[in-house]
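Chemist: Below: one structure in structure tokens.
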Amino acid sequence: MTFTVVWFKRDLRVHDHAPLLHAARQGPVLCLYVVEPGYWAQPDAALQHYLFLQECLQDLDAQLRACGAALQVAVGDVTQILARLHAAAPFAQLVSHEETGNGHTFERDRAVARWCRDHGVTWREWPQHGVVRRLQTRDVWHARWRTHMHAPCLPAPSTGSLKGVGLPWGKQVWPAGTALGLAADAPRRRQRGGRSTGQACLQDFLLERSQRYRGGISSPLTAPSACSRLSPYLAMGCLSMREVVQATEQRLLQLKGCADPAAAWQSKGLAAFISRLHWHCHFIQKLESEPALEFRNLHRGYDGLREAEWNQAHFAALVSGRTGWPMVDACVAMLRETGWINFRMRAMLVSVASYPLWLHWRPVGLWLARQFLDYEPGIHWSQMQMQAGTTGINTTRVYNPIKQAQDQDPQGTFVRHWLPALRRVPDTWLLQPWRMPPEVQARCGVRVGVDIPEPVVDLEAATRQAKARIHALRGRADVRNANAAIVQKHGSRLRRDRVDRSSRGTAMPQQQSLDF
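See below:
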């Protein structure tokens, strides 16, 4: 019996799934997911990702069963699984979505392509999100994105229409996370996986929570409900980007012409949200076009800037939430508990790591990849480099953690919630508790350097020195001259009339960012 193998990766749904629909039209299908020990051994993998994945696959299995098939889960190297399957039950076609993942998945896909060529198996892939494989020029990217997003969403296979095929060797048992080398702990309050949960999150955002999107996504106090919270479901493909864009646009149409002032405000929030969906694909495209940016500076003129000056004590203070800056340490505490913080606070963490702590972005990025439930390699590594100042084409972004606390948590509610030791500190000293006089420390029972840490460095002096080093490098002629090629390959073609003059009088196109 001939059949088509549908290889699920980070596209865990049956709705708007071109490979599955194509395979269903050809005849019997084997719906395969491979748990890859090599993938979970990578330094950006975490137990919370594995648990979320299991929940997504359980949901996917239920979706497939409603269509007449079942998800077949195998454990091992993908090429070895395909070889074993082909030897037992030869198949002629493998179908999947394209994936822009980490370095491991990139090399794995290349190995799968070689295996398919060697064994006469046709491997057909379809685009995922709005990312364009083998993109020749960024000039056409925006139009390609719009075309993809406004094409009709593909229907799920009808009830009972799939002719499912099982693995010849039967069902395999899921390995425990610890057996894959993953740490034994995960955030207790992380989001749960699966398409049904993702759909509920989408509807809740579109109908109600998006009213708070504008003005609510910057503060960690309001962001947990004001943000869409869809990122982990997009990262695992429980929802397709196209269906989210189209559902958002449909909601905007419903709000159009509504006399209620709240509807106008909500419409502005949803319009900003669509801009961020465009941003999502824009940054993943960077990694698709240049996979090496996960490992080395996008602008090679910045090589050697931080690499030789790694400070393990600074890094240890950051990951343990003991930098001494309350806003930073509170964000680390929230990450440990929930697997999520909002974008502004993520940017602040990377800025603190990159400038006053002077840490290279790669080790910091691996730590944060494990902390973020919604880790999306294309966005993550592009943002790590942008915030660290090594792209050469973006404004230097330095977030002062004291100012961020003043702006985003003026009453200290967030800091006190996540740092219990600071709950007894008076408001006057809350954001800079290391300045408390000894008598105040005695009165509130909080000893600086014992109960709470002192800042690891002098924030103002260390930041000033870091900015001077960055700007000195940006001002060099050889570094400036290399910017144009990076803009040509990776730069946004939106708002090209704006100019960034942060590089000591040099001009370059303003690149797309999350700042509105």
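End of the sequence shown sits at 516 in UniProt numbering; the numbers just go up one at a time, nothing left out.
Glycine residues also receive a C-beta, built at the ideal position from the N, C-alpha and C atoms.
For Cys56, which of Trp367, Glu460, Pro455, Ser196 has the nearest alpha-carbon?
Modeler: Among Trp367, Glu460, Pro455, Ser196, the Cα nearest to that of Cys56 belongs to Ser196.
Chemist: Find the nearest neighbour of Cys444 within the set Pro455, Arg423, Ala462, Leu459, judged by alpha-carbon distance.
Modeler: Checked all of Pro455, Arg423, Ala462, Leu459; the closest Cα to Cys444 is Arg423.
Chemist: If contacts are defined as beta-carbon pairs under 8 Å, then Arg65 and Gly237 qualify, I think. What distance do you get, rounded to the angstrom?
Modeler: Between Gly237 and Arg65 the Cβ distance is about 19 Å, and since that is not below 8 Å, they are no contact.
Chemist: So, is Ala369 buried or exposed, given that buried needs 16 or more other C-beta atoms within 10 angstroms?
Modeler: Looking at its Cβ environment, which holds 16 or more other Cβ atoms inside 10 Å, Ala369 is buried.
Chemist: Report buried or exposed for Cys227, applying the criterion of at least 16 other Cβ atoms within 10 angstroms of its Cβ.
Modeler: Its Cβ being crowded by 16 or more others within 10 Å, Cys227 is buried.
Chemist: Since Ala74 sits in a beta bridge, which residues does DSSP pair it with?
Modeler: Answer is Val34.
Chemist: Which residues in the same chain as Thr100 place their Cβ atom closer than 6 Å to its Cβ, once the five residues preceding and following it in sequence are excluded?
Modeler: So the list reads Val131, Ile284, Leu287, Glu288, Gly378, once near-sequence residues are dropped.
Chemist: Measure the C-alpha to C-alpha separation of Gln385 and Pro28 and round it to an integer number of angstroms.
Modeler: The alpha-carbon atoms of Gln385 and Pro28 are separated by roughly 45 Å.
Chemist: Sorted by chain position, which residues of the same chain lie with C-beta nearer than 7 Å to Thr222's C-beta, five sequence neighbours on each side aside?
Modeler: Excluding sequence neighbours, Thr222 sits near Arg212, Gly216.
Chemist: Cα separation between Arg296 and Glu290?
Modeler: Rounded to whole angstroms, Arg296 to Glu290 spans 10 Å at the Cα level.
Chemist: Quick one: complete alpha helix (DSSP H) runs, 4+ long, within the region 215-288?
Modeler: Runs of the alpha helix (DSSP H) inside the region 215-288: 223-226, 231-235, 241-255.
Chemist: Could you tell me the alpha carbon to alpha carbon distance between Ala353 and Trp367, rounded to whole angstroms?
Modeler: Spanning the two alpha carbons is a distance of roughly 12 Å.
Chemist: Quick one: what does DSSP say Val319 is sitting in, helix, strand or coil?
Modeler: Val319 falls in the helix class under three-state DSSP.
Chemist: Should Pro90 go down as buried or exposed, given a rule of 16 or more other Cβ atoms within 10 Å for buried?
Modeler: So Pro90 counts as exposed.
Chemist: Near Thr463, what residues of its chain come up, given a Cβ to Cβ distance below 8 Å and the 5 sequence neighbours on each side ignored?
Modeler: Cβ neighbours of Thr463 beyond the five flanking positions: Tyr355, Pro356, Val398, Asn400.
Chemist: In the structure shown, what three-state DSSP assignment does His97 receive?
Modeler: Residue state, collapsed to three classes: strand.
Chemist: With a threshold of 7 Å, establish whether the CB of Pro326 neighbours any heavy atom of the ligand ZN.
Modeler: Looking at this structure, you won't find the ligand ZN or any other ligand, since it has none at all.
Chemist: Leaving out five residues on either side along the sequence, give the residues of the same chain with a beta carbon under 8 Å from the beta carbon of Glu307.
Modeler: Result list for Glu307: His360, in chain order.
Chemist: Taking a contact to mean a Cβ-Cβ separation below 8 Å, would you say Thr79 touches Val112 in this structure?
Modeler: Cβ distance < 8 Å, so Thr79 and Val112 count as in contact.
Chemist: Under the assumption that Arg251 contacts Leu206 (Cβ atoms under 8 Å), give the Cβ distance between them as a whole number of angstroms.
Modeler: That belief holds up - the Cβ atoms of Arg251 and Leu206 are roughly 5 Å apart, short of 8 Å.
Chemist: Checking the sheet assignment: what are the DSSP bridge partners for residue 521?
Modeler: Since the first and last residues shown for the chain are 1 and 516, residue 521 lies out of range.
Chemist: Between which residues of its own chain and Cys153 is the CB-CB distance below 8 Å, once the five residues before and five after are set aside?
Modeler: Around Cys153: His15, Asp16, Ser240, Arg242, Glu243, Gln246.
Chemist: Assign Arg362 to one of three DSSP states: helix, strand, or coil.
Modeler: Three-state result, Arg362: helix.
Chemist: Mind checking which residues open and close the alpha helix (DSSP H) that includes residue 562?
Modeler: No answer is possible for residue 562: the residues shown for the chain start at 1 and end at 516.
Chemist: Taking just the CA atoms, how far does Gly365 sit from Val140?
Modeler: Answer to the nearest angstrom: the Cα atoms are 30 Å apart.
Chemist: In terms of DSSP beta bridges, what is Ile452 paired with?
Modeler: Answer is Val448.
Chemist: To the nearest angstrom, report how far apart Arg336 and Ala477 are at their CA atoms.
Modeler: Cα-Cα distance, rounded: 43 Å.
Chemist: Return yes when the Cβ of Arg344 is within less than 8 Å of the Cβ of Ser218, no when it is not.
Modeler: Their beta carbons are under 8 Å apart, which means Ser218 touches Arg344 by this criterion.
Chemist: Please confirm whether Ile486 and Ile393 have their CB atoms less than 8 Å apart.
Modeler: The answer is yes: Cβ separation under 8 Å.
Chemist: Between the alpha carbons of Arg504 and Gln383, how many angstroms are there, rounded?
Modeler: Per-residue confidence for Arg504 stands at a pLDDT of 39, beneath the threshold of 50, marking its modelled position as unreliable; the derived number appears in the next sentence. Straight-line Cα distance between these residues: approximately 23 Å.
Chemist: Quick one: is Lys171 buried, meaning 16 or more other Cβ sit within 10 Å of its Cβ, or exposed?
Modeler: When all chains shown are included, Lys171 counts as exposed.
Chemist: Hey, how far is the Cα of Arg300 from the Cα of Leu234?
Modeler: Going from the Cα of Arg300 to the Cα of Leu234 covers about 31 Å.
Chemist: Cys281 to Ala69, Cα distance in whole Å?
Modeler: Taking the straight line from one Cα to the other gives about 31 Å.
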